[in-house]
Amino acid sequence: MTRSGRAGVLGGRPAATTRGRLSAIAIDLFTEHGFDETSVDDIAAAAGIARRTLFRYYPSKNSLAWGEFNEHLDGLRDLLRNSSDDVPLGATLRDALIAFNTVPASEIDKHRRRMALLLGVPALQAHSMLMYQDWRQVIADHCGARLGLAPASHVPQTIAWQTLGTALAAYDQWLPDPSADLTDLLRSGSRILIDGVASLTQT
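Position 193, counted from 1, in the sequence shown is what UniProt numbering calls 193; the numbers after and before it change by one each time, with no gaps.
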């Protein structure tokens, strides 16, 4: 049953529309009512905007769940580009992984809800694979540049998969345990990543 007739969540005149705000509204609705049960019309109505306006910000309901991922991906790319070649590659990836997944304390609950959806909703998994591919490519591009290899070659791609696996394993432990510290999990898991990168890049 649609809830598209409901007034904007803030009441009165809608607040300034931003990609971040629209995604936050969508996450709240997905969490409360379910991803499959929430329509684009519901999200647009809650934001106080027209459906066509929403599609100017996000091309699909799936992309709303990912929010400003592309902007964060640009930040990861810049972080790796500006990293020092004097730091071992594995340590660079660990630091980038922690930085990419660090959110302010005030945003932790929202981040937990978002990641629970992204990792737990079956309807999002196909889209998530595409997003993971983009994320891995940023890692592979950096590894290729550092190692003098084509980003599509085996070693950079293997390291990219290892790095993604480190992140997903941390979230797998963090999501069901409110007392867990995500940064600690990423740091701990990265010890295996660092060893793996070293073994792959030994000459």
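We put the beta carbon where it would ideally sit given N, CA and C, even for glycine. Since we're looking at a predicted model, the values are computed, not measured.
> For S39, which of helix, strand or coil comes out of DSSP?
Replying inline: coil
>> At the level of alpha carbons, what is the spacing between R136 and A99?
In response: 16 Å
>> Please report the distance separating the alpha-carbon of S199 from that of T92.
In response: 16 Å
> Can you tell which of L54, A167, L80, F35 has its C-alpha closest to the C-alpha of L117?
Replying inline: F35
> Considering only residues of the same chain and omitting the five flanking positions on each side of T102, which have a CB-CB separation below 7 Å?
Replying inline: T183
> Quick one, which of K61, S84, Q157 has its alpha-carbon nearest V138's?
Replying inline: Answer by Cα proximity: Q157.
>> Residues in the same chain with beta-carbon distance under 7 Å from M115, minus the five sequence neighbours each way, listed in chain order, please.
In response: If you ignore the 5 residues before and after M115, its C-beta comes within less than 7 Å of the C-beta of Y171, L175, all in its own chain and listed in chain order.
> What first and last residue would you give for the alpha helix (DSSP H) that runs through L149?
Replying inline: Where L149 is concerned, there is no enclosing alpha helix (DSSP H), given that its DSSP letter is neither H nor E.
>> I'd like the list of long-range same chain contacts for L193, defined as Cβ closer than 7 Å, with 5 residues on each side in sequence excluded.
In response: Answer for L193: G90, L93, R94, Q162, T163, T166, listed in chain order.
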